Amino acid sequence: MNMALAGVPIALYLHNFPSRFKLLIMQRTFSIPDMTRWVDNFRGHDDLPFITTSALIQLSDLEMFIANAKAQGADSIRVYFLRFGMEDAPTDKVIKNGVLAEGCKWRNASPTLTQGTIAMVPAKNFTMDEHLIFSADDIRTDNQVTVLLPGIIGKGTGLNPPSGQGIAFDLPTQ
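Sequential numbering from 4 applies to the sequence shown in the working numbering.
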């Protein structure tokens, strides 16, 4: 079992949705070294704030990602927690009225790392042992993995903004 990128596999048992071509989906392919670096940026930094309380993905994007994952032979999806370096976040930088759009701004968790975010990767060979510990193998193609991130390509939407409209579970500060 390949555990080079230790994450949390989540079994998703959904109906087979029809695939639709869509240019704005945040489904991308990243190299194993890039994903490993971003996951490692999250690990070992327990002292850094996560900063955000949620991530938002359009249902149609998730459906397309799941259909693509099934076509790759996936029986589960692994959710990784990661942080980017300040200059290597794979998001667009859209300028509005001469200023970087608010949704494109990453919050710094440290001088060198961004706030935490998530990335979903197709996995196969999902198992659960007698101690209820899940495991699976990430699906790799040519030393790359397919990844779904929150956000919208071309719109510059930053991943996991620290606040937003319509957050249902905001708790009052004390």
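Even glycine gets a Cβ: it sits at the ideal position worked out from N, Cα and C.
None of these values were measured; they are calculated from a predicted model.
With DSSP collapsed to three states, give me the class of K127. In the structure shown, K127 sits in a strand (DSSP, three-state: E or B).
Can you look up F53 in the DSSP assignment and give me helix, strand or coil? coil
Let me know if M131 comes out buried or exposed under the rule of 16 or more other beta-carbons within 10 Å of its beta-carbon. By the Cβ-count criterion, M131 is exposed, with fewer than 16 other Cβ atoms from all chains shown falling within 10 Å of its own Cβ.
Given a cut-off of 8 Å, decide if G88 and T115 are closer than it, judged by their beta-carbon atoms. yes
For a minimum of 4 consecutive residues, which ranges assigned as the alpha helix (DSSP H) are wholly contained in the region 33-109? Counting whole runs of 4 or more residues, the region 33-109 contains the alpha helix (DSSP H) stretches 35-45, 62-74.
Count the other C-beta atoms from every protein chain shown that fall within 10 angstroms of the C-beta of R86, then say buried if there are 16 or more, exposed otherwise. buried
L27 versus R40: straight-line alpha-carbon distance, rounded: Note that L27 scores a pLDDT of 40, beneath 50, so its modelled location is shaky and nothing firm can be said.
Report back the beta-carbon spacing between M123 and V82 to the nearest angstrom; my notes put them in contact at under 8 Å. 5 Å
Assuming R31 contacts P93 under a Cβ cut-off of 8 Å, what Cβ separation, rounded to an integer in Å, is found between them? 7 Å
Could you round the C-beta distance between Q118 and F53 to whole angstroms and report it? I think they count as a contact, below 8 Å. 7 Å
Give the DSSP bridge partners of T115, in chain order. Partner(s): none; T115 has no beta bridge.
Exposed unless 16 or more other CB atoms sit within 10 angstroms - verdict on N100: The C-beta of N100 has fewer than 16 other C-beta atoms within 10 Å across all chains shown, which makes the residue exposed.
Looking only at C-alpha atoms, which of D91, E105, A112, D50 sits nearest to P36? Out of D91, E105, A112, D50, D91 has the C-alpha closest to the C-alpha of P36.
When you compare the CB positions of D78 and L151, do they come within less than 8 Å of one another, or not? No, they are not a contact pair.
Selected residue, minimal CA-CA separation from N44, among L135, M67, S113, I80: S113
Measure the Cβ-Cβ separation of I80 and A72 and say whether it is below 8 Å. For I80 and A72, yes; Cβs fall inside 8 Å.
Looking at the structure shown, is L151 part of a helix, part of a strand, or coil, going by DSSP? strand
G69 burial status per 10 Å Cβ neighbour count (16 or more: buried): For clarity, residue 69 is Ile in the given sequence; the question names Gly instead. It is buried - the Cβ of I69 has at least 16 other Cβ atoms within 10 Å.
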